[in-house]
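S.K.: Mapping to my numbering: the sequence shown position 209 is 276, numbers consecutive.
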Amino acid sequence: MTVQRLTSDWRIPGAGLATLLLLAAAFSLHAHWSVFIQWCLATQITLHRYLVMYLLEIHNHQYSGGLWLLGGAFLYGVLHAIGPGHGKFIVTTYLSTNKESLFAARAVPFIGSLMQGVSAIAFVFILAIGLNLASGDLSISRWFVEKISAVMIGLFGAFIIYQACQNLRPRRPIISSLKPLHTHDEHCGCGHHGVGMTLAESDWKTRLGVILAIGARPCSGAIMILMFANALGMVTWGMAAVMTMALGTGLSILGLSLAVRYARERTVAIFGDAPRHHWLMPAVKIVGGVMLVLFATVLFVTVIPISANGDYIAAGC
Numbered sequence: 068m069t070v071q072r073l074t075s076d077w078r079i080p081g082a083g084l085a086t087l088l089l090l091a092a093a094f095s096l097h098a099h100w101s102v103f104i105q106w107c108l109a110t111q112i113t114l115h116r117y118l119v120m121y122l123l124e125i126h127n128h129q130y131s132g133g134l135w136l137l138g139g140a141f142l143y144g145v146l147h148a149i150g151p152g153h154g155k156f157i158v159t160t161y162l163s164t165n166k167e168s169l170f171a172a173r174a175v176p177f178i179g180s181l182m183q184g185v186s187a188i189a190f191v192f193i194l195a196i197g198l199n200l201a202s203g204d205l206s207i208s209r210w211f212v213e214k215i216s217a218v219m220i221g222l223f224g225a226f227i228i229y230q231a232c233q234n235l236r237p238r239r240p241i242i243s244s245l246k247p248l249h250t251h252d253e254h255c256g257c258g259h260h261g262v263g264m265t266l267a268e269s270d271w272k273t274r275l276g277v278i279l280a281i282g283a284r285p286c287s288g289a290i291m292i293l294m295f296a297n298a299l300g301m302v303t304w305g306m307a308a309v310m311t312m313a314l315g316t317g318l319s320i321l322g323l324s325l326a327v328r329y330a331r332e333r334t335v336a337i338f339g340d341a342p343r344h345h346w347l348m349p350a351v352k353i354v355g356g357v358m359l360v361l362f363a364t365v366l367f368v369t370v371i372p373i374s375a376n377g378d379y380i381a382a383g384c
């Protein structure tokens with residue numbers, strides 16, 4: 068009894084210490100965040116110009132620029148993920164508020180990041196190649212796509228809030244016809260189709276929402292590189308660079324997702340599943356959903372303005 072009481076008593080000061088450390092880290096990050104973001108953006112702009120130079124080298128039959136193009140595109144994707152990219156906010160909110168298997172924690176963010184590359188390729192192929200739109204019209208289309216994707220991210224945050232509110236509502240007991248507590252048949256498995264199978268069947272909508280929220284917003288840098296490659300008649304190299312960017316973004320988001328999942332598991336292991344804490348996870352979901360809606364609002368109002376001469380010209384290509 069004494070050991071159990073001591074075990075439960077240390078959780079409160081431990082949680083307080085962890086909260087103070089997180090607040091200190093948050094304040095330190097906030098103090099240097101603008102400098103860090105500016106450095107990431109400046110580095111991305113520099114890499115963007117190098118990627119354009121490597122495309123020009125390939126166009127001039129200097130094929131050694133191909134390796135530099137793919138390496139620079141990969142680094143560009145990594146910096147985009149840890150800097151101004153939106154995927155990390157979605158993944159952090161999703162995995163910190165939902166219990167996920169290790170496979171789903173790896174697959175969902177990675178597939179969503181690869182979808183960013185696919186959406187950028189689809190954007191350029193449909194509008195620039197298929198419809199043969201001018202550069203200014205492509206800039207307008209890109210502006211609308213980014214606005215719509217910001218709305219989708221906000222709707223995903225609202226969906227998380229709705230789910231949390233549903234979990235907070237007391238459920239009425241439903242009395243149905245009496246059935247045996249357990250039956251055996253040839254498909255029983257005796258527990259092999261328990262909680263894990265229920266989660267896998269009922270949570271596919273949330274997972275699909277995460278993939279769409281990440282992948283529906285193509286990286287502006289990927290669009291600009293692919294548009295410039297199309298102008299040079301080097302669509303294949305442009306597609307390779309875009310998907311390499313998506314790979315760099317996906318691996319970065321994958322590492323973050325594993326860290327967030329581990330932190331959530333440790334938190335649950337410390338506090339346990341006591342009935343008095345039943346409100347905690349819905350409350351965390353509501354906070355995460357609100358933060359995601361606020362982030363979507365920031366994305367919506369800070370979309371890169373329309374350029375009449377085309378985005379890749381405005382970016383210095």
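Cβ coordinates follow ideal geometry from the N, Cα and C atoms, glycine included.
1) Going by Cα to Cα distance, which pick from Gly322, Asn297, Ala225 and Val335 is closest to arginine 187?
2) Does the count of Cβ pairs from the segment 106 to 122 and the segment 316 to 331 closer than 8 Å reach three?
3) Less than 8 Å between the CB atoms is what I'm expecting for alanine 308 and leucine 136, so what's the real figure, rounded?
4) Decide if the segment 208 to 216 is in contact with the segment 348 to 356; the criterion is three or more beta carbon pairs, one per stretch, under 8 Å apart.
5) Count the other CB atoms, across all protein chains shown, that sit within 10 Å of the CB of asparagine 43; report buried if there are 16 or more and exposed otherwise.
6) DSSP on histidine 128, reduced to helix/strand/coil?
7) Expressed to the nearest angstrom, what Euclidean distance is found between the alpha-carbon atoms of alanine 231 and isoleucine 353?
8) Quick check: what's the CA-CA separation for tyrosine 329 versus leucine 299?
9) Looking at the unbroken alpha helix (DSSP H) that takes in threonine 164, where does it start and where does it end?
10) In whole angstroms, give me the CA-to-CA distance for threonine 159 and methionine 301.
11) Since isoleucine 278 and valine 360 are thought to touch, with beta carbons under 8 Å apart, how far apart are those beta carbons, to the nearest angstrom?
12) Could you have a look at proline 285 and say whether DSSP puts it in helix, strand or coil?
13) For leucine 275, I'd like the list of residues in its chain whose CB is within less than 6 Å of its CB, leaving aside the five on either flank, ordered along the chain.
14) Go through its chain and collect everything with a Cβ distance to histidine 254's Cβ below 8 Å, but skip five positions before and after it.
15) With a Cβ-Cβ cutoff of 8 Å, do alanine 280 and methionine 219 count as a contact?
16) Excluding sequence positions up to five away, which residues of its chain have a Cβ less than 7 Å from the Cβ of alanine 172?
17) According to the Cβ coordinates, are glycine 154 and glycine 179 closer than 8 Å?
18) Run through DSSP, which three-state label would serine 168 get?
M.R.: Let me spell this out:
1) In the sequence shown, counting from the first residue as 1, residue 187 sits at position 120. Looking at the sequence shown, residue 187 is not arginine but alanine. Checked all of Gly322, Asn297, Ala225 and Val335; the closest Cα to alanine 187 is Asn297.
2) Not touching, per the Cβ criterion.
3) Residue numbering aside, residue 308 sits at position 241 when the sequence shown is read from its first letter. Residue numbering aside, residue 136 sits at position 69 when the sequence shown is read from its first letter. Between leucine 136 and alanine 308 the Cβ distance is about 6 Å, and since that is below 8 Å, they are a contact.
4) no
5) Summary: the structure shown does not reach residue 43, with the chain confined to residues 68 through 384, and so no result is reported for it.
6) Taking the first residue of the sequence shown as position 1, residue 128 is located at position 61. In this structure, histidine 128 counts as coil in the three-state DSSP scheme.
7) Along the sequence shown, read from residue 1 onward, the residue named residue 231 stands at position 164. Along the sequence shown, read from residue 1 onward, the residue named residue 353 stands at position 286. So the alpha carbons of these two residues sit roughly 6 Å apart.
8) Here residue 329 is taken as the residue at index 262 of the sequence shown, counted from 1. Here residue 299 is taken as the residue at index 232 of the sequence shown, counted from 1. When rounded, the distance between both Cα atoms is 46 Å.
9) One-based indexing of the sequence shown puts residue 164 at position 97. Start and end: 154 to 164.
10) The residue labelled residue 159 in the question sits at position 92 within the sequence shown. The residue labelled residue 301 in the question sits at position 234 within the sequence shown. Roughly 37 Å separates the two Cα atoms.
11) Counting from one through the sequence shown, the residue named residue 278 turns up at place 211. Counting from one through the sequence shown, the residue named residue 360 turns up at place 293. Not quite, the Cβ-Cβ distance comes to about 19 Å (not below 8 Å), so this is no contact.
12) Residue numbering aside, residue 285 sits at position 218 when the sequence shown is read from its first letter. Three-state DSSP puts proline 285 in coil, outside helix and strand.
13) By 1-based counting over the sequence shown, the position of residue 275 is 208. The answer is none, since no qualifying residue turns up.
14) For the purposes of this step, residue 254 is taken as residue 187 along the sequence shown, with counting starting at 1. Note that histidine 254 scores a pLDDT of 49, beneath 50, so its modelled location is shaky and nothing firm can be said.
15) The residue you call residue 280 lines up with position 213 of the sequence shown. The residue you call residue 219 lines up with position 152 of the sequence shown. Taking 8 Å as the Cβ cut-off, alanine 280 and methionine 219 qualify as a contacting pair.
16) Mapped onto the sequence shown, residue 172 falls at position 105. Cβ within range, chain order: Leu162, Ser324, Leu325 and Arg328.
17) Taking the first residue of the sequence shown as position 1, residue 154 is located at position 87. Taking the first residue of the sequence shown as position 1, residue 179 is located at position 112. Yes, these two residues count as a Cβ contact at 8 Å.
18) Residue numbering aside, residue 168 sits at position 101 when the sequence shown is read from its first letter. In this structure, serine 168 counts as coil in the three-state DSSP scheme.
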